[in-house]
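Novice: In this note's numbering, the protein residues as written are 831 to 992. Dumping the structure here so I can ask a few things about it.
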């Protein structure tokens, strides 16, 4: 009987998790996290929606990561009609946002090499740049290479285009 009551309480807490995670907190986290990774301007439309179906997750619409070298009218580095992300349950209970998996729906990755030899996928700042630079330094040194992690999580792509 006591176990059944505990299970019922636990199920109630898990089902109410979307109410613990505010859209404003999630929006700020997503923007800061992606800008920190890429060093690029990141935008998306509206507020993220938080749900628990089939997992605790968020959904955003019209994600765009800019290409700072692009001419006006050129496409951004990345745009996706929808992004769904899986939130970790335990940190969410304490109001913290931790994302373990991303699903990009119909993303378009617009890769370009410019006439000066620069490419729009070579990041000049941000965590991705730092991880790349650490890897380059490790490969060029006499010491053994150390694995580098940018802490991205898992990315799944549904109907993407490069």
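In this text, a Cβ means the ideal position worked out from N, Cα and C, and glycines have one as well.
With distances taken from CA atoms, which of 911, 954, 836, 992 is nearest residue 873?
Specialist: 911
Novice: If you measure between the beta carbons of residue 927 and residue 856, is that distance less than 8 angstroms?
Specialist: Yes.
Novice: Can you give me the C-alpha to C-alpha distance between residue 868 and residue 832, rounded to a whole angstrom?
Specialist: Linking residue 868 to residue 832 through their CA atoms gives a straight-line distance of about 50 angstroms.
Novice: Compute the Euclidean distance between the alpha carbons of residue 932 and residue 835, then round it to the nearest angstrom.
Specialist: Taking the straight line from one Cα to the other gives about 34 angstroms.
Novice: Run through DSSP, which three-state label would residue 865 get?
Specialist: Here residue 865 sits in helix by DSSP.
Novice: Excluding five sequence neighbours on each side, which residues of the same chain lie with their C-beta closer than 7 angstroms to the C-beta of residue 956?
Specialist: Leaving aside the five residues that flank residue 956 on each side, the residues in its chain whose CB is nearer than 7 angstroms to its CB run, in chain order, 866, 867, 868, 869.
Novice: Can residue 947 and residue 916 be called in contact, C-beta distance under 8 angstroms?
Specialist: Contact: no.
Novice: Spatial neighbours of residue 936 within its chain, please: C-beta separation below 6 angstroms, excluding the five flanking residues on both sides.
Specialist: 911, 989
Novice: Where do the ends of the alpha helix (DSSP H) carrying residue 914 lie?
Specialist: Unbroken run through residue 914 is the beta strand (DSSP E), 908-917; no alpha helix (DSSP H).
Novice: Could you work out which residue in 860, 914, 896 is closest to residue 881 when comparing CA atoms only?
Specialist: 914
Novice: For the alpha helix (DSSP H) that contains residue 984, what are its first and last residues?
Specialist: Premise fails: residue 984 lies in the beta strand (DSSP E), 984-988, not in any alpha helix (DSSP H).
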